[in-house]
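Protein chains in written order, with full-length UniProt numbering: chain A, 1 to 685; chain B, 1 to 685. Glycine is no exception: its CB is placed at the ideal position from the N, C-alpha and C atoms. Computed from a predicted model, the values in this text were never measured in an experiment. Here the structure comes first, spelled out in structure tokens, and everything after it is commentary.
Protein chains: 2
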Amino acid sequence: MTLAPSPLLLGRAARPLCAIAALWALLRGCGAQDGGLENIVTEKKAEESHRRDSADLLVFISLLTLTILTIWLFKHRRARFLHETGLAMIYGLLVGVILRYGVHIPRDISNVTLSCQVNSSPGTLLVNVSGRYYEYTLKGEISASEVHEVRDNEMLRKVTFDPELFFNILLPPIIFHAGYSLKRRHFFRNIGSILAYAFLGTVISCFVIGLLMYGFVMLMQQVGQLDGDFFFTDCLFFGAIVSATDPVTVLAIFTELQVDVDLYALLFGESVLNDAVAVVLSSSIVAYQPTGDNSHTFEGMAVLKSFGMFLGVFSGSFALGVATGIVTALVTKFTKLRDFPLLETALFFLMSWSTFLLAEACGFTGVVAVLFGGMTQAHYTYNNLSPESKDRTKQLFELLNFLAENFIFSYMGLTLFTFQNHVFNPTFIVGAFLAVFLGRAANIYPLSLLLNLGRRNQIRSNFQHMMMFAGLRGAMTFALSIRDTATYARQMMFSTTLLVVFLTVWLCGGGTMPMLSFLRIRVGVDSDQDSVTAVDGTERRTTKQESAWLFRHWYNFDSNYLKPILTHSGPPLTTTLPSWCGPLARCLTSPQAYENEGQLQDDDWDMMADGNGSLAYGDVTVSADEAGIHTVSAAHARHPAGSPAGLLDGDTLTRGTQLVMPVGDSEPTLVLSPPGHREPHRHRE
Amino acid sequence: MTLAPSPLLLGRAARPLCAIAALWALLRGCGAQDGGLENIVTEKKAEESHRRDSADLLVFISLLTLTILTIWLFKHRRARFLHETGLAMIYGLLVGVILRYGVHIPRDISNVTLSCQVNSSPGTLLVNVSGRYYEYTLKGEISASEVHEVRDNEMLRKVTFDPELFFNILLPPIIFHAGYSLKRRHFFRNIGSILAYAFLGTVISCFVIGLLMYGFVMLMQQVGQLDGDFFFTDCLFFGAIVSATDPVTVLAIFTELQVDVDLYALLFGESVLNDAVAVVLSSSIVAYQPTGDNSHTFEGMAVLKSFGMFLGVFSGSFALGVATGIVTALVTKFTKLRDFPLLETALFFLMSWSTFLLAEACGFTGVVAVLFGGMTQAHYTYNNLSPESKDRTKQLFELLNFLAENFIFSYMGLTLFTFQNHVFNPTFIVGAFLAVFLGRAANIYPLSLLLNLGRRNQIRSNFQHMMMFAGLRGAMTFALSIRDTATYARQMMFSTTLLVVFLTVWLCGGGTMPMLSFLRIRVGVDSDQDSVTAVDGTERRTTKQESAWLFRHWYNFDSNYLKPILTHSGPPLTTTLPSWCGPLARCLTSPQAYENEGQLQDDDWDMMADGNGSLAYGDVTVSADEAGIHTVSAAHARHPAGSPAGLLDGDTLTRGTQLVMPVGDSEPTLVLSPPGHREPHRHRE
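Written as structure tokens, this is what we have:
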């Protein structure tokens with residue numbers, strides 16, 4: 001069954017039929033073979049292939065297991081210089097080295113490749129082998145230079161997963177978790193700044209990096225270092241993908257040390273949203289195609305079209321994400337599904353997944369839809385869930401996020417050595433690091449200056465430096481850059497992106513603790529404080545005053561209309577809606593809303609405030625449901641685990657942290673006290 | 001881009017190279033095309049294909065969502081005649097009808113198929129389209145009759161998933177969950193009977209069905225109803241796949257009504273194990289290949305080889321499953337991973353998954369390995385987990401099980417209308433139902449007779465009838481039958497199997513309640529009773545006495561050696577191992593074991609007894625860990641959810657059940673009392 005590459009060209013679709021008919025007759029004779037034997041051989045091969053796939057996947061599972069055990073050791077010894085994602089990369093690198101240079105498993109050559117040259121690339125290919133038909137599905141295009149490597153290096157290629165895997169399987173849970181675990185109160189309080197950093201900032205960063213890289217590419221062309229095409233759109237694309245920051249390492253440390261909640265909210269909110277912006281931005285840049293032959297020149301219409309596409313895709317994905325979130329909220333509100341936590345959790349999971357699929361099926365961006373879906377679920381649906389489902393859903397997505405994240409990072413490490421078409425160009429790499437640095441700076445500092453003009457609660461310079469420093473690149477950047485590695489430019493980008501991710505995760509991630517103390521940023525800030533003082537109503541007013549009109553309007557609309565419609569809480573709609581909406585209002589208002597009317601403001605406030613403590617609603621005190629059926633679930637306030645979420649570790653607070661330093665302004669320095677001894681009435685301002 | 005089927009034959013590998021070289025030169029000219037345009041078209045097609053895939057998956061997600069909402073209504077109204085799996089099938093059927101007869105989405109014809117006739121079927125196929133290479137992966141063989149349907153009915157084929165999906169993605173969590181949620185105490189108490197039913201019984205059933213079907217096939221051949229080959233091995237294969245019972249519906253009702261625990265254990269244990277037996281049996285039958293030309297005659301050596309393969313694969317899978325379970329137990333015992341529930345849960349999940357992958361990579365059967373892996377995890381590892389991880393792991397696998405099961409069942413419904421090659425033969429179908437009935441009878445009644453000779457606690461005739469009645473066929477039968485539908489015989493089997501599953505699930509599932517009352521089977525049996533009375537030690541002795549020597553020996557070995565080695569409980573190894581093992585024993589014994597030494601028997605007993613209440617360790621009272629760090633997690637004793645696991649619904653007990661009937665022997669009829677009012681000291685004998 002050994003098979004030399006046997007190229008055979010069919011030519012265009014219209015013409016070759018006659019030639020083929022002749023061929024068929026000509027070659028028919030030599031095709032006679034023992035079908036039964038062939039069949040057995042094919043089955044054996046399929047089995048063999050399946051076994052190898054299992055073994056390959058097992059390598060990754062072992063890697064993740066190893067990562068978990070090591071990171072446990074690190075946590076156990078309270079070593080914070082290396083986050084699990086950084087560790088996963090290191091293990092991936094090691095295995096990559098072994099696979100590349102160590103192992104030489106002789107693989108069955110017959111299993112490798114057959115070149116069949118035809119005139120189209122349909123989704124499904126039927127191959128007629130001596131009268132038996134085999135079905136093949138399109139995996140993707142590979143560059144001509146790869147063809148020989150495909151044959152030679154089947155094993156290395158095997159551990160190269162389909163890049164779409166990242167976008168369709170691994171990224172969605174990560175992004176959904178980010179949305180679902182957003183600290184909504186602080187997020188909304190800083191919404192204006194976050195939106196500015198995420199939208200304006202990412203676009204600025206993209207163009208600054210794109211322009212700088214174009215300069216470097218020009219330079220390389222002058223020096224003759226460039227072996228292929230590298231257009232300005234490629235540079236912009238590079239700018240877009242490396243503008244997606246992923247400070248998971250930094251945020252884990254922030255949560256553990258309870259760094260200032262506003263800084264946390266700014267950083268987390270920005271990183272979550274700029275992922276979405278970067279995805280849509282990069283696809284809009286790819287879609288930039290001027291009409292006519294000269295396909296890489298500037299053309300106003302094409303730019304406008306790209307811009308329109310950006311707006312359309314972003315708002316479409318946003319709308320779909322919010323819509324499915326709202327549907328889930330309504331379903332969970334108007335059914336008594338909460339009596340059956342398993343059904344409820346399953347529904348929640350399925351609806352959240354369908355957000356992604358729906359967006360993809362409609363041609364929008366699933367990852368973006370999932371982000372806003374997650375935020376909507378957290379803001380509305382979460383309040384309708386039974387206590388057990390609250391636990392279950394957040395634990396489920398925490399686990400999925402953890403596994404997906406570490407898988408991606410260990411795969412990244414592996415890829416550095418197993419990817420076949422690396423193009424490492426020193427000039428480009430140096431240029432990229434410089435551009436990434438300057439792009440981040442052009443995002444943070446000018447915008448902070450502008451924002452401070454309007455903010456009561458200034459973004460201080462040490463916060464700005466920290467945000468600058470926390471511009472790590474991670475899963476999203478990697479997934480975007482591996483998606484297409486067909487051209488020379490894309491290969492160079494991919495190799496460079498890998499290095500950018502590695503260095504930022506290791507250096508910036510590992511340097512977070514020293515940087516925190518160098519910048520004298522306050523740690524041990526109890527995020528409960530604000531919410532507790534809200535009971536007397538004064539702090540609440542302060543909060544509202546210090547926020548921009550955007551937040552105030554949104555907050556009023558949300559708490560008067562959306563919350564009462566979508567959840568059991570808030571003021572009854574009968575009191576907030578105009579009187580002519582009476583019947584509808586009565587129909588939509590939950591019976592609980594009337595009961596809660598007296599304490600509605602506190603309820604509402606609590607709702608905004610939940611999600612404190614640990615990032616994933618750590619210490620929500622759960623109320624019994626309306627029928628009084630459910631026992632109150634003792635919320636697991638402790639999430640001393642290794643995800644970006646949830647690190648309110650009592651032990652850490654009392655024993656681990658010596659990093660308390662006085663801050664520059666008039667606030668009293670908080671002395672860390674054991675949990676349970678929190679001073680509830682100390683204001684932040 | 002439209003493409004007529006353009007067959008083009010390459011012939012044998014050795015010869016055609018010369019012809020091809022000439023061809024290449026001949027046809028090279030007409031292959032020149034605009035690469036850029038081609039590239040864009042291909043990208044568009046890939047995008048289109050992805051969007052369609054998303055839409056297809058969305059159909060299933062919507063189906064599952066609908067199933068969840070409807071089943072909630074059913075549960076809400078306490079309707080028990082239809083289980084969620086039966087409902088999922090109905091919805092699947094409806095959507096299947098719509099897809100088949102209602103929707104005619106015009107699909108891009110260019111995306112369909114290209115016949116490329118070559119001389120082998122490698123795992124990877126490179127297709128050269130005008131100088132660009134596309135990679136295709138082997139999906140599988142399709143029968144010649146399907147080829148035209150592939151072209152005509154792309155959409156219907158699209159919703160036909162890769163059959164291996166069931167084996168590699170959907171079945172493992174179901175089977176693992178079955179193992180992980182086994183009521184181990186009652187399982188081990190009835191281990192002898194369960195093993196007899198599962199091994200002997202399945203083999204008997206397989207051969208009875210196989211022989212009967214062979215009779216029917218002979219008959220069909222006489223009448224001329226047979227349009228293709230149908231060998232005796234095919235009949236045996238059919239016997240093996242329909243011998244896998246799946247009484248998920250019945251067990252759900254059993255749990256809800258608290259039917260006699262021994263009956264539950266017999267039925268559940270048998271159904272779990274006979275899945276494993278059926279998988280290995282069917283693959284052994286497929287592997288039966290006599291040497292020489294006459295490949296379907298009887299040959300002693302081939303039979304022996306098949307038998308040896310059965311033993312080898314089964315014991316290999318068993319060993320691997322147990323081994324990974326033990327490794328996980330040791331890891332969780334000797335690390336303090338329990339301080340980080342997320343890490344612990346992730347490790348548990350990864351290790352359990354690796355059981356499957358490892359077995360597949362070694363050529364054993366992953367599904368079987370996963371079953372024994374799950375049992376080992378439940379028996380040992382579970383005891384080492386932190387309270388939160390106990391919750392998390394069981395909830396996670398409960399959810400996965402629920403989703404996978406309902407996906408399979410709704411897919412089954414869909415398949416009845418969308419599968420392209422149904423062969424419905426009335427004779428075969430009638431014969432199959434008869435054979436399935438007789439095969440089950442030949443399993444249950446003779447074996448029960450034999451077992452009753454040795455059992456103190458007799459399997460009464462009403463229990464036997466119930467076991468006979470509960471012979472539903474489900475996910476495993478379906479997965480085995482869809483795995484290969486290439487030949488005429490396999491297609492007929494697949495169509496018939498679908499009907500068998502439908503009817504048994506709907507009729508036997510729906511008839512469980514009437515049958516329970518008809519057979520006068522006791523409900524409302526509190527499985528806690530035995531364990532509670534165990535405190536005074538008398539019941540414990542009784543339990544041991546009533547069990548066979550197999551159980552006694554296993555029990556002693558397990559509690560004296562395995563438990564202490566693998567968990568924190570049990571007597572210290574220093575007391576059970578011979579003195580020359582001293583250092584090793586001290587090293588392996590957990591510090592807690594010494595502390596617990598005084599109360600070790602109770603501990604041990606509790607361990608055996610946990611997993612009562614709800615099937616998934618519903619009311620395990622969790623102890624604080626050794627450092628006293630963890631708050632005691634209030635165990636969620638209520639699992640009123642819709643999985644086969646966990647239905648100890650207090651409401652059901654007090655309100656839902658009027659099904660209390662006096663049983664034939666001397667036992668006092670239990671009057672159902674609200675939970676919390678259980679009479680602890682009533683013995684079952």
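Pairing phenylalanine 428/A with threonine 496/A, the inter-Cα distance amounts to about 8 Å.
Taking a C-beta cut-off of 8 Å against chain B, none of the residues of the stretch 252-276 of chain A qualify. DSSP places histidine 186/A inside the alpha helix (DSSP H), whose first and last residues are 184-189.
When Cβ-Cβ separations below 9 Å define contact, aspartate 558/B makes no contact with chain A.
Think of a sphere of 9 Å around the beta carbon of glycine 321/B: no beta carbon from chain A falls inside it, the nearest being about 15 Å out.
Between phenylalanine 433/B and the set Ile326/B, Leu472/B and Phe230/B, the nearest pair of CA atoms involves Leu472/B.
In the structure shown, the three-state DSSP call for arginine 473/A is strand.
CA-to-CA, the gap between aspartate 275/B and phenylalanine 419/A works out to about 41 Å.
For valine 525/B, no alpha helix (DSSP H) encloses it, and the DSSP letter there is neither H nor E. The beta carbon of valine 423/B is closer than 6 Å to those of Gln491, Met492 and Ser495 in its chain, skipping five residues each way along the sequence. Distance from the Cα of isoleucine 209/B is smallest, within the candidate group Asn384/B, Arg522/B, Leu350/B and Arg440/B, for Arg440/B. By the beta-carbon neighbour count (other beta carbons within 10 angstroms, threshold 16), threonine 297/B is exposed. Threonine 427/A sits in a helix when the DSSP states are folded into three classes.
Nearest C-alpha to phenylalanine 557/B among His568/B, Thr576/B, Thr567/B and Ser569/B: Thr576/B. Residues of the same chain with a CB within less than 8 Å of the CB of leucine 281/A, apart from the 5 flanking positions on each side, are Thr202, Val203, Cys206, Ala240, Ser243 and Phe310 in chain order.
Residue contact check for phenylalanine 237/B against chain A: no CB pair falls below 9 Å.
Around the beta carbon of histidine 553/A, a 10 Å sphere encloses fewer than 16 other beta carbons of the protein chains shown; the residue is thus reported as exposed.
Note that the stretch 253-271 of chain A does not touch the stretch 299-313 of chain A; fewer than 3 beta-carbon pairs, one per stretch, sit closer than 8 Å. Under a 10 Å Cβ-count criterion, isoleucine 253/A is classified as buried, with 16 or more other Cβ atoms of the shown protein chains found around its own Cβ.
In summary, the residues of the stretch 348-361 of chain B whose CB is separated from some CB of chain A by less than 9 Å are Phe349, Leu350, Met351, Trp353, Ser354, Phe356, Leu357, Leu358, Ala359, Glu360 and Ala361, in the order they occur in the chain. By the neighbour-count definition (other C-beta atoms within 10 Å, threshold 16), methionine 466/A is a buried residue.
Using a CB distance cut-off of 9 Å, histidine 76/A counts as an interface residue toward chain B. For glutamine 222/A, the nearest beta carbon of chain B is not closer than 9 Å to its own beta carbon.
Neighbours of isoleucine 61/B in chain A, taken as residues whose beta carbon is under 7 Å from its own, are Leu350, Trp353, Ser354 and Leu357 in chain order. One finds Glu47 and Arg51 in chain B with Cβ atoms closer than 9 Å to the Cβ of glycine 363/A, taken in chain order.
Between the alpha carbons of tyrosine 91/B and serine 410/B lies a gap of roughly 6 Å. Per the C-alpha coordinates, the member of Leu438/A, Leu584/A, Phe397/A and Leu320/A positioned closest to glutamate 360/A is Leu320/A. Annotated three-state conformation of threonine 245/B is strand, per DSSP.
Rounded to whole angstroms, the gap between the alpha carbons of valine 430/B and serine 49/A is 39 Å. In the same chain as glycine 96/B, and ignoring 5 residues on each side of it, the C-beta atoms closer than 8 Å to its own belong to Gly413, Leu414, Thr415, Leu416, Phe417 and Thr418, in chain order.
As summarised for the stretch 185-231 of chain B, the continuous alpha helix (DSSP H) elements at least 4 residues long and confined to that stretch are 191-195 and 202-223, given in chain order.
Restricted to the stretch 351-385 of chain A, the alpha helix (DSSP H) segments that are unbroken, complete and at least 4 residues in length are 366-376, listed in chain order. Ranked by how close their Cα comes to the Cα of tryptophan 506/A, the residues Leu519/A, Ala470/A, Ser481/A and Val525/A have Ala470/A in first place. Counting along the chain, threonine 589/A sits inside no alpha helix (DSSP H), nor does DSSP assign it H or E at all. With a threshold of 16 other beta carbon atoms within 10 Å, serine 315/A falls short and is exposed.
Beyond the five residues adjoining it in sequence on each side, alanine 585/A comes within less than 6 Å, by CB distance, of Leu573, Thr574 and Leu577 in the same chain, given in chain order.
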